[in-house]
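In what follows, a single structure is set out as structure tokens and then discussed.
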């Protein structure tokens, strides 16, 4: 199985571009691109940059960035460490419960709003009938 660096280097050569051309196009320094092609991820300053660079470079070359990021974690993540990739994937389920809660809150709010409007309208009808009755009584006295 080819390493991440070999996959990058082979795809870049197949596309017919140099590391310097890629650098100008995707704004990642050539030394970091070369380091990735040599599987030397220690040169890149931090995990967030490594993941971002892998994704950007993969997309530029027409490769599957998510697959290469998963492969990076499999090959370079020390055993026992909780992978950031796993944490990111696990956090994708949260918006579903947030959307459900938001929808539930909106439904409850609408029910309360409609109930309040109905109560106010029923009071207005009864007070309107009382006013009409008083006007008729006053007219009869004259």
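In the working numbering, the protein residues as written are 399 to 540. Ideal Cβ positions, reconstructed from N, Cα and C, are used throughout, including at glycine.
Open item on the list: Below 8 Å on the Cβ atoms is my contact criterion, and I expect residue 463 with residue 448 to pass it. Report the Cβ-Cβ distance as a whole number of Å.
Closed with: By 1-based counting over the chain shown, the position of residue 463 is 65. By 1-based counting over the chain shown, the position of residue 448 is 50. The C-beta separation of residue 463 from residue 448 comes to about 12 Å, leaving the pair out of contact by the 8 Å criterion.
Open item on the list: Between which two residues does the alpha helix (DSSP H) holding residue 411 run?
Closed with: Translated into the one-based positions of the chain shown, residue 411 becomes position 13. 402-413 is the span of the alpha helix (DSSP H), which, as asked, contains residue 411.
Open item on the list: Using a Cβ-Cβ cutoff of less than 6 Å, which residues in the same chain neighbour residue 435 once the five nearest sequence positions on both sides are dropped?
Closed with: In the chain shown, counting from the first residue as 1, residue 435 sits at position 37. If we look at residue 435 and ignore the five residues flanking it on each side, its Cβ neighbours are 403, 406 and 407.
Task: Rounded C-alpha distance that separates residue 339 from residue 504 - done: With the chain represented from 399 up to 540, any question about residue 339 goes unanswered, as that position is not in the structure.
Task: Exposure of residue 536, with buried meaning 16 or more beta-carbon neighbours within 10 Å - done: Position 138 of the chain shown, counting from 1, holds the residue named residue 536. Around the C-beta of residue 536, fewer than 16 other C-beta atoms lie within 10 Å, and the residue is accordingly described as exposed.
TODO: Within the same chain, show all residues whose beta-carbon is closer than 7 Å to that of residue 432, passing over the 5 residues directly before and after it, in chain order.
DONE: Here residue 432 is taken as the residue at index 34 of the chain shown, counted from 1. Contacts found: 417.
Task: residue 430 burial status per 10 Å Cβ neighbour count (16 or more: buried) - done: Along the chain shown, one-based indexing puts residue 430 at 32. Taking every protein chain shown into account, the CB of residue 430 has 16 or more other CB atoms within 10 angstroms, so this residue is buried.
Task: With 16 other Cβ atoms within 10 Å as the buried cut-off, status of residue 410 - done: Against the chain shown, residue 410 aligns to sequence position 12. Taking every protein chain shown into account, the CB of residue 410 has 16 or more other CB atoms within 10 angstroms, so this residue is buried.
Task: Cβ-based burial, residue 456 [other Cβ within 10 Å; buried from 16] - done: Taking the chain shown and counting its residues from 1, one reaches residue 456 at position 58. By the Cβ-count criterion, residue 456 is buried, with 16 or more other Cβ atoms from all chains shown falling within 10 Å of its own Cβ.
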